[in-house]
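Enquirer:
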Amino acid sequence: MKYIKRTLLLAALTATSFASLAGNQAAIASFDAKTLPITERSQVITDKQLALMEEFNRMTEAQTSAIDMFKSGKVQELQQLVEQTLVEANKFVDEYQIF
Numbered sequence: 298m299k300y301i302k303r304t305l306l307l308a309a310l311t312a313t314s315f316a317s318l319a320g321n322q323a324a325i326a327s328f329d330a331k332t333l334p335i336t337e338r339s340q341v342i343t344d345k346q347l348a349l350m351e352e353f354n355r356m357t358e359a360q361t362s363a364i365d366m367f368k369s370g371k372v373q374e375l376q377q378l379v380e381q382t383l384v385e386a387n388k389f390v391d392e393y394q395i396f
């Protein structure tokens, strides 16, 4: 009788664990689906930032003055990209808090 009780308890715990695992996997899949567009937009922004930084390096190597760098609009463009990054990061954090 003791063996049967232990077997039933083990079976109940195993079933509960599988149900919990399935729920967790569904939550993870939902989180991934909601955050994928955010991460894709963030990657585009990051690529643009890297390209701008390469331009800054080229301008520095060409001994472009700081005034000319500011006049080029590249600094303002970088600032806008940083602001976009913060917007996307906040969206991700919001989804993470819901998760």
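In terms of our numbering, the sequence shown is residues 298 to 396. All residues carry an ideal CB built from backbone N, CA and C; glycine is no exception.
Report all residues from its chain with a CB closer than 6 angstroms to the CB of residue 365; omit the five preceding and five following residues, and keep chain order.
Expert: On the sequence shown, residue 365 is found 68 positions in, with the first residue counted as 1. There are no such residues.
Enquirer: Per the contact definition of three or more C-beta pairs closer than 8 angstroms, is the segment 350–360 in contact with the segment 327–334?
Expert: Not touching, per the Cβ criterion.
Enquirer: Taking the beta carbon of residue 385 as the centre, do at least 16 other beta carbons fall within 10 Å, making it buried, or is it exposed?
Expert: Taking the sequence shown and counting its residues from 1, one reaches residue 385 at position 88. Counting Cβ neighbours within 10 Å, residue 385 comes out buried, since at least 16 surround it.
Enquirer: Quick one: give me the first and last residue of the alpha helix (DSSP H) that residue 389 is part of.
Expert: Position 92 of the sequence shown, counted from the start, is the residue given in the question as residue 389. Here the alpha helix (DSSP H) through residue 389 covers 371–395.
Enquirer: What's the gap between the Cα of residue 354 and the Cα of residue 336?
Expert: Position 57 of the sequence shown holds residue 354. Position 39 of the sequence shown holds residue 336. C-alpha separation (whole angstroms): 27 angstroms.
Enquirer: Taking only the alpha-carbon atoms, compute the straight-line gap between residue 375 and residue 346 and give it to the nearest angstrom.
Expert: Position 78 of the sequence shown holds residue 375. Position 49 of the sequence shown holds residue 346. When rounded, the distance between both Cα atoms is 6 angstroms.
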